[in-house]
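Chemist: With numbering that gives the first Met the number 0 applied, the sequence shown closes on residue 281, and no number is skipped along the way.
Built from N, CA and C at the ideal position, the CB exists for glycine as well.
The structure is given below, and queries will be raised subsequently.
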Amino acid sequence: MSVIGEFFGGVGLLGRGLRLWATSPRLMLLGAVPALVVGAVFAAALVGVGLAADDLARTLTPFADGWPEWSRTLVRLGGGLAVAALAVLLAVVAFTAVTLLVGDPFYERIWRRVEEREGDPPADVDRGFWRGLARSAGDSLRLLLATAGVGVLLFVGGFVPVLGQTVVPVLGALTGGWFLAVELTGYAFDARGRSLAERRHGLAVNRARTLGLGTATYLLFFVPLGAVLVMPAAVAAATLLAREVTTGPTTAGPTTAGPSTAGPTTAGPATPFPRDDYHPPA
């Protein structure tokens, strides 16, 4: 399949996740509650950053004080947009991480429901609440730091006239989508004993599909109440993506569990892992 086809295949996974609102509305409503609470806090913070963006841009561009008005305005406009874009990128990834931590019991149920519906779910592994929380928080912190590093580069690029207002926002959406997908697939990869490094490697092999899911989720977060409605669906969609990476492509409906006796299956996205038959020790 072409890169564009794979990208829109990832978008299609989010569509399958959104269909859970029709089939499991109560479960999805539970998943929307943490997103609503956390989202309100982050929205207020972003409003504050937006109000201060002009002042921050002037503070960051003292070298433009003596420039002609048109060039000074252009550079500071780019600076204000760069500040806002960096804040949004960090806020979206941080929002996802915090929401997953706060709503962990609900999102784990959504993940488990998808695994059972698709067939051949991973065995339950009890790592303990605090141990699992510490691992999730550590992974989220590393992802947030990586996001900040890339965000700083995009922030600097935002000061470049024209380029900063055209190319940089697109790169920002793709970057945000990538880190969102890495964050959201944590449940399925952790259940299969995969480390964060293995998760990132597996998703990188399926980069176009991963970006399709992540970027669509990232953009829908900007629709009013979009983050609240999309967050539980994104967890479900990320589970489908993780299953494709670790066990092969999923179908639109449940599959039959049990040992495989059929011949070779239709080729799907390239995967770095064999079919998942590894169960980590308790």
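When DSSP labels each residue in this structure, what does GLY213 get in the three-state scheme?
Modeler: As a first step, residue 213 must be located in the sequence shown, where it is residue number 214. Residue state, collapsed to three classes: helix.
Chemist: Measure how close the beta-carbons of LEU26 and ARG116 come, nearest whole angstrom, since I'm counting them as under 8 Å.
Modeler: Counting from one through the sequence shown, the residue named residue 26 turns up at place 27. Counting from one through the sequence shown, the residue named residue 116 turns up at place 117. The pair is not a contact, with the Cβ atoms about 12 Å apart (cut-off 8 Å).
Chemist: At which residues does the alpha helix (DSSP H) containing GLY16 begin and terminate?
Modeler: Reading the sequence shown from its first residue, position 17 is the one you call residue 16. Element bounds for GLY16: 2 to 17.
Chemist: Quick check for students: name the residue ranges of the alpha helix (DSSP H) that lie wholly in the region 38 to 115, counting only runs of 4 or more.
Modeler: Runs of the alpha helix (DSSP H) inside the region 38 to 115: 68 to 101.
Chemist: Express the C-alpha separation of ILE109 and GLY16 in angstroms, rounding to a whole number.
Modeler: Translated into positions along the sequence shown, residue 16 becomes position 17. Translated into positions along the sequence shown, residue 109 becomes position 110. Each residue's alpha carbon lies about 10 Å from the other.
Chemist: If the criterion is Cβ atoms closer than 9 Å, does the pair ARG193 and VAL181 meet it?
Modeler: To locate residue 193, count along the sequence shown from 1; it is residue 194. To locate residue 181, count along the sequence shown from 1; it is residue 182. No, the pair does not count as a contact, with Cβ atoms beyond the cut-off.
Chemist: Do GLY175 and THR245 have their beta-carbon atoms positioned less than 9 Å apart in this structure?
Modeler: Counting from one through the sequence shown, the residue named residue 245 turns up at place 246. Counting from one through the sequence shown, the residue named residue 175 turns up at place 176. Taking 9 Å as the Cβ cut-off, THR245 and GLY175 do not qualify as a contacting pair.
Chemist: Have a look at GLY78 and PHE105 and give me their C-alpha separation to the nearest angstrom.
Modeler: If you number the sequence shown from 1, residue 78 lands on position 79. If you number the sequence shown from 1, residue 105 lands on position 106. The straight-line gap from Cα to Cα measures roughly 40 Å.
Chemist: By alpha-carbon positions, which one of GLY148, TYR217, ALA232 and ALA235 ends up nearest to PHE94?
Modeler: Walking along the sequence shown from the start, residue 94 turns up at place 95. Selected option, being the one with the closest Cα: TYR217.
Chemist: Using the beta-carbon count (16 or more within 10 Å), is GLU68 buried or exposed?
Modeler: Position 69 of the sequence shown holds residue 68. Exposed, because fewer than 16 other Cβ atoms sit within 10 Å of the Cβ of GLU68.
Chemist: Hey, would you say ARG191 sits closer than 9 Å to PRO121, going by beta carbons?
Modeler: Numbered from 1 along the sequence shown, position 192 holds the residue referred to as residue 191. Numbered from 1 along the sequence shown, position 122 holds the residue referred to as residue 121. Contact flag set, yes.
Chemist: For the alpha helix (DSSP H) that contains ARG199, what are its first and last residues?
Modeler: Counted from its first residue, the sequence shown places residue 199 at position 200. ARG199 -> alpha helix (DSSP H) spans 195 to 204.
Chemist: Kindly list the residues whose CB is nearer than 6 Å to the CB of ALA294, restricted to its own chain and excluding five residues on each side of it in sequence; keep chain order.
Modeler: For residue 294 there is no data in the structure shown, the boundaries of the chain being 0 and 281.
Chemist: Pull up the CB-CB distance for LEU240 and VAL229, whole angstroms please, since I reckon it's below 8 Å.
Modeler: Position 241 of the sequence shown, counted from the first residue, corresponds to residue 240. Position 230 of the sequence shown, counted from the first residue, corresponds to residue 229. 15 Å between Cβ atoms; not a contact.
Chemist: For LEU59, which residues in the same chain have their Cβ closer than 7 Å to its Cβ, ignoring the five residues on either side in sequence?
Modeler: Position 60 of the sequence shown, counted from the start, is the residue given in the question as residue 59. Correct list, in chain order: GLY78.
Chemist: Whose C-alpha, out of LEU45, VAL149, ALA187 and ALA21, is nearest the C-alpha of ASP119?
Modeler: Translated into the one-based positions of the sequence shown, residue 119 becomes position 120. That would be ALA187, whose Cα lies nearest to the Cα of ASP119.
Chemist: By Cβ distance, which residues of its chain are closer than 6 Å to PHE178, with the 5 residues on each side in sequence left out?
Modeler: Walking along the sequence shown from the start, residue 178 turns up at place 179. So the list reads VAL92, LEU142 and THR146, once near-sequence residues are dropped.
Chemist: Whole angstroms is fine: what's the gap from ALA215's alpha carbon to GLY65's?
Modeler: Taking the first residue of the sequence shown as 1, we reach residue 215 at position 216. Taking the first residue of the sequence shown as 1, we reach residue 65 at position 66. Using only the alpha carbons, I get a separation of about 42 Å.
Chemist: Exposed or buried, what is ASP54 when buried is set at 16 or more other beta-carbons lying within 10 Å of its beta-carbon?
Modeler: For the purposes of this step, residue 54 is identified with residue 55 of the sequence shown, where counting begins at 1. Its Cβ having fewer than 16 others within 10 Å, ASP54 is exposed.
Chemist: Using 10 angstroms around the beta-carbon of ALA52, count the other beta-carbons present and answer buried if the total reaches 16, otherwise exposed.
Modeler: The residue labelled residue 52 in the question sits at position 53 within the sequence shown. Buried, by the Cβ-count rule.
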